[in-house]
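Asker: Pasting a structure here, questions to come.
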Amino acid sequence: MATAKMHFQADRDRRLGPPGRRGALRLLQAERSEEIFPLLLEEIVALGYPRASVLDVNFESGGVGPKAALNWPPQQLARFSTALWVAENPLIGILDAKRPAVLPRTIFYHRPLYLHPILFSHRNLCWEAGRPRTGSCLAVENFHRQKRLRREDQICPTCEMRAYAALVVVELPRHNVEASLARLGNLIKLANGCLSRLFKVEHYYNRMRDMEITIAQMGTVMQSMADPVILTDTEHRVIMQNKAAEHFFKVPDEMTEGLVRAVELNNLLFSAALSSMLSSGADGHRDLTLVDTVEGEEMLFEAVSAPTYGPDGAQIGTVTVMRDVTGLRRADQELHANYDKLREAEETVRQERDRLNLIVENVGDPIVVCDRESHMVLTDPLAQELFGGSLEAERNGAQARNQAQLAACIGAFGSSEAERETAPLWLYNPIVKLEIEYECRSGKIFDEHGHVAYTVSVLRDLSALRRVEQLKLERRMLEIEKFAATGRLAATIAHEVNNPMEAIKNAIYLLAGAIPESAMPVYSILKSETERVARVVRQMLGLYRNTEQVKPINVNTIVEDTLLLLNRQLQRASVRVHTDLRPLPDAVIAADQIRQVLSNLVINAKDAMPEGGKLWIRTRHIPRHRDLRGWVRILIADTGIGIEPEMLRAMFEPFVTNKGEKGTGLGLWIVKGIIENHAGKLAVRSRVGQGTVFRVDLPVAKP
Amino acid sequence: MSDDGKFRILVVDDEASVLTTYRLILERQGYNVMACHTWREAMSAIEGQDFDAVLCDYSLEERHTGCEVIHAARKRDATLPAALITGYANKETADEAALYNIGMMFKPIEIEEFLDTTARMLRRNHELSQQTGQEDGAGPQSAVPGLSRTGRSDRRER
Chain A
6 MATAKMHFQA DRDRRLGPPG RRGALRLLQA ERSEEIFPLL LEEIVALGYP RASVLDVNFE
66 SGGVGPKAAL NWPPQQLARF STALWVAENP LIGILDAKRP AVLPRTIFYH RPLYLHPILF
126 SHRNLCWEAG RPRTGSCLAV ENFHRQKRLR REDQICPTCE MRAYAALVVV ELPRHNVEAS
186 LARLGNLIKL ANGCLSRLFK VEHYYNRMRD MEITIAQMGT VMQSMADPVI LTDTEHRVIM
246 QNKAAEHFFK VPDEMTEGLV RAVELNNLLF SAALSSMLSS GADGHRDLTL VDTVEGEEML
306 FEAVSAPTYG PDGAQIGTVT VMRDVTGLRR ADQELHANYD KLREAEETVR QERDRLNLIV
366 ENVGDPIVVC DRESHMVLTD PLAQELFGGS LEAERNGAQA RNQAQLAACI GAFGSSEAER
426 ETAPLWLYNP IVKLEIEYEC RSGKIFDEHG HVAYTVSVLR DLSALRRVEQ LKLERRMLEI
486 EKFAATGRLA ATIAHEVNNP MEAIKNAIYL LAGAIPESAM PVYSILKSET ERVARVVRQM
546 LGLYRNTEQV KPINVNTIVE DTLLLLNRQL QRASVRVHTD LRPLPDAVIA ADQIRQVLSN
606 LVINAKDAMP EGGKLWIRTR HIPRHRDLRG WVRILIADTG IGIEPEMLRA MFEPFVTNKG
666 EKGTGLGLWI VKGIIENHAG KLAVRSRVGQ GTVFRVDLPV AKP
Chain B
75 MSDDGKFRIL VVDDEASVLT TYRLILERQG YNVMACHTWR EAMSAIEGQD FDAVLCDYSL
135 EERHTGCEVI HAARKRDATL PAALITGYAN KETADEAALY NIGMMFKPIE IEEFLDTTAR
195 MLRRNHELSQ QTGQEDGAGP QSAVPGLSRT GRSDRRER
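In structure tokens, the structure reads:
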């Protein structure tokens, strides 16, 4: 009910002493706060008071002093100057009391004074304070005189407006009238009302100007930001955007269909991103790909949105700042790619290492890595069996000897020029408890200066290989022996056949003159077929010799022996022999069989040269095969009639001959059998009309 | 040479049929042939008479060889031309024959070669014996290696 009472009070005040119409109008016409005090003083004087003044309170300094005066000499006014903290001063007391008072003659002044404090006050809350419902307004508080006048209180907590306070001082005439004082009070109250309103208006005006400046500054700040900034309302309509944002969201002056489409697309994407951001939470952020309308490139943005709220706390829109993260993202992707690459490389290295370890573990041969002083630095378990550990205490006598052998071998290799080397090494094997042959294959690892840093050696146990070689040799000798046995059988039969056939042949010869003409064809058959049997027998006899023995022998001596035996035949056939026999290692062969090979081939050559010709015999050592010490090669070449290509294929078959009645067809078949038994190789080249070359390769086996 | 001017040839072979055919072939050529079936016969024949040539099978009965026969015959006449006829052709035999200037023929023998060789052996020795005491180097046409260096003495002068 206080409110109703207050209204009532106000009405009664107006009724009690309305100021003069003219004075009120003049005050109401004032447009600026400065005009109020002079007008008020004039109207006070017009009411019949001799002089009047306004003492203004400076809240910053706390000083109280004359602000305006009428008919009052300044030197007299000076005595009224005081300060808020001078509590004993009656002026301050009146100000604090916030009530008009009449001061009789005092030390201040020789006449009674009417003192009326005025203070910034309103009956109603200002707009600003009324907006939040809990707001408090200094003017309203002052109106209700709730507080003592303290300078720290005289700043509005809502609008930060600083209040004014003043003391109107009026000198009273000698015959003061009570009613007249009421009119004076009403006039001053009216003036204060006008002043408060104007003061408020001016305050808002100032604030508006400040805000405009702030808005302009903020706008400049926003425009000068390189990142797009967009202000949208709750419907996602764009309220404001800076230049950077216009680049993406505003249709430019030069319209092309592509640009318009790009802008539309950007708007659409932005709108969608905004919706999803707002639905996901208060300060969501999203990645957003937009098309640069000028460059046409796609750019990646990180959009950060924050809602904006109105004074009533309701959301009125959204501010979105977009950060160009294209470069950042690219760098990030590159970083990721590099990281992935690094991990891949690491993985590859790891796999390589594992694979290498697996290989080393599964080689099955001892592996030793030595440093440049030939000290072992790395060994696999097999090598450890042979050499023991790298410390002296970890080896036994045999291992120490083995290590000395290895060190000698590696040392020689290390100081040689070769990058890799294969050397034989005899080491004591603790498992078979024997010294066995190893093949030590070594390679060098160089440091960055090109010096040998390490040597890697792989040892191969050759004993198995040697066993196989031995077996091969034994099998070959067995084959030779078998062939010889066959030859012995053939020769035995041939020998048995030989004498009866010799008799038959001779008998046929003796009958030559005694055959009647009618029996001559039969006699011819008898004669020719007997001669054929004789040739076969002669060939078969050649298969067997009494001194059949496989032993190391120099092939050159066999060549010389054969030529010596055949010399007469060759001379008779006008065949000139050229020999070129180079030094040869001994070959393990059955000499008589090889003699027969040579004899057959030389006779063939002779038969191929019915008009005579040249015969070359060459021998060479071909050091080719590692395990078998190379080959002995025999070349037999003639300038004869040559061999037809069809014949070349068939001539090693038995009973194939191109010598007609004179041949047995066994010679080359026997040659081939003997060469094969010796694990040798036989090759022939021939050109019809020019000659033939036979090549015989015999392995040089270890005895 | 025999009384009728024919060359006398001793032929030894343990195969009767072969021996007979050799004898017949040589006789048809006009030689005077003494054919012996065994080593024993041959040795006694050598003791009894001289020959102009000896053709002898290598392997004879009881491990005797043609070489023994030839050596025995050459005890009487050191320059006697001689040849071995054999089925085998092993190196030792060939070496031995070469060492003692003994010719070699291999069975089966081409009859023309058999006759040629025999004739050459005889002719050569005969010609040499005509030029008494003259040294003769190894001629290109020497058919039998052993006969190229014949001794100086000629048994017919005895």
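In the order they appear, the protein sequences are chains A and B.
Letter 139 of the first sequence, counting from 1, is numbered 144 in our numbering, and no numbers are missing.
Letter 21 of the second sequence, counting from 1, is numbered 95 in our numbering, and no numbers are missing.
Just so you know, even glycine gets a beta-carbon here, dropped at the ideal spot from N, CA and C.
#1: Are residue 278 of chain A and residue 296 of chain A close, meaning C-beta to C-beta below 8 Å?
#2: Give a yes or no on whether 8 Å exceeds the smallest Cβ distance from residue 474 of chain A to chain B.
#3: Tell me, please, whether the segment 136 to 145 of chain B touches the segment 171 to 190 of chain B by the rule of three or more beta-carbon pairs shorter than 8 Å.
#4: Check residue 671 of chain A in the structure and name its three-state DSSP category.
#5: Which residues of chain A have a Cβ atom closer than 7 Å to the Cβ of residue 99 of chain B, listed in chain order?
#6: My parser needs the beta strand (DSSP E) runs of 3 or more residues fully inside the segment 595 to 671 of chain A; what are they?
#7: Provide the residue span of the alpha helix (DSSP H) that contains residue 691 of chain A, from first to last.
#8: Please state if the CB of residue 116 of chain A and the CB of residue 40 of chain A are separated by a distance shorter than 8 Å.
#9: In or out: residue 172 of chain A buried (at least 16 other Cβ within 10 Å) or exposed?
#10: Name the DSSP beta bridge partners of residue 324 of chain A, please?
#11: At least one CB of chain A closer than 8 Å to the CB of residue 185 of chain B: is that the case?
#12: Use the C-beta contact count for residue 491 of chain A: other C-beta atoms within 10 angstroms, 16 or more gives buried, fewer gives exposed.
#13: Flag this pair as yes or no: are the beta carbons of residue 150 of chain B and residue 120 of chain B separated by less than 8 Å?
#14: Under a CB-based cut-off of 8 Å, is residue 545 of chain A close to chain B?
#15: Short check: CB of residue 49 of chain A to CB of residue 192 of chain A, under 8 Å?
#16: Here's a check: name, in chain order, each residue in its chain whose Cβ is nearer than 7 Å to the Cβ of residue 257 of chain A, leaving out the five neighbours to either side.
#17: Closest by CA to residue 709 of chain A, which one among A:424, A:466, A:434, A:455?
#18: Is the segment 675 to 687 of chain A in contact with the segment 97 to 114 of chain B, if contact means three or more CB pairs nearer than 8 Å?
#19: Just mark residue 90 of chain B as buried or exposed, buried being the case when its beta carbon has 16 or more other beta carbons within 10 Å.
#20: Buried or exposed: residue 550 of chain A, going by 16 or more other Cβ atoms within 10 Å of its Cβ?
#21: Would you call the segment 641 to 654 of chain A and the segment 601 to 619 of chain A in contact, with 3 or more CB pairs under 8 Å?
#22: Please list the partners that residue 539 of chain A has in chain B, where partner means a Cβ-to-Cβ separation under 7 Å.
#23: Can you give the beta carbon distance from residue 531 of chain A to residue 513 of chain A, rounded, assuming they're within the 8 Å contact cut?
#24: Just the Cα atoms here: how many angstroms apart are residue 210 of chain A and residue 26 of chain A?
#25: Evaluate the contact criterion for the segment 428 to 441 of chain A versus the segment 496 to 504 of chain A: three or more CB pairs, one atom per stretch, below 8 Å.
#26: Please name the residue in A:361, A:382, A:561, A:239 whose C-alpha comes closest to that of residue 325 of chain A.
#27: According to DSSP, is residue 510 of chain A part of a helix, a strand, or is it coil?
#28: Can you list the residues of chain B that residue 500 of chain A reaches, using a CB-CB cut of under 7 Å?
#29: Could you please give the first and the last residue of the uninterrupted alpha helix (DSSP H) stretch that includes residue 465 of chain A?
#30: Which residues, taken in chain order from the segment 129 to 157 of chain B, show a beta carbon closer than 7 Å to some beta carbon of chain A?
#31: Does the separation of the CB atoms of residue 635 of chain A and residue 626 of chain A fall below 8 Å?
#32: Would you please verify whether the beta carbon of residue 95 of chain B is less than 8 Å from any beta carbon of chain A?
#33: Confirm, please, whether the CB-CB distance from residue 92 of chain A to residue 82 of chain A is below 8 Å.
#34: Would the segment 447 to 467 of chain A count as touching the segment 370 to 386 of chain A if we require 3 or more Cβ pairs under 8 Å?
Answerer: For this structure:
#1: no
#2: no
#3: Inter-segment contact for the segment 136 to 145 of chain B and the segment 171 to 190 of chain B is present: three or more beta-carbon pairs are separated by less than 8 Å.
#4: coil
#5: 511, 514, 515
#6: Those beta strand (DSSP E) runs which fall completely within the segment 595 to 671 of chain A and span 3+ residues are 618 to 627, 636 to 643.
#7: No alpha helix (DSSP H) holds residue 691 of chain A; the beta strand (DSSP E) holding it covers 686 to 692.
#8: Contact: no.
#9: buried
#10: A:236, A:311
#11: yes
#12: With fewer than 16 other Cβ atoms from the protein chains shown falling within 10 Å of its own Cβ, residue 491 of chain A counts as exposed.
#13: yes
#14: no
#15: For the 8 Å CB-CB criterion, residue 49 of chain A and residue 192 of chain A form a contact.
#16: 264, 298, listed in sequence order.
#17: What is shown of chain A runs 6 to 708, which leaves residue 709 of chain A out entirely.
#18: no
#19: exposed
#20: Residue confidence for residue 550 of chain A is low, a pLDDT of 47 falling below 50, so the modelled location carries little weight; the figure read from the coordinates is stated next. The residue is buried, with at least 16 neighbouring Cβ atoms inside 10 Å.
#21: yes
#22: 182, listed in chain order.
#23: 6 Å
#24: 29 Å
#25: no
#26: A:239
#27: helix
#28: 161
#29: In this chain, residue 465 of chain A is not harboured by any alpha helix (DSSP H); it is covered by the beta strand (DSSP E) spanning 457 to 466.
#30: none
#31: yes
#32: yes
#33: no
#34: Look at the beta carbons and you see the segment 447 to 467 of chain A touching the segment 370 to 386 of chain A: at least three pairs across the two are nearer than 8 Å.
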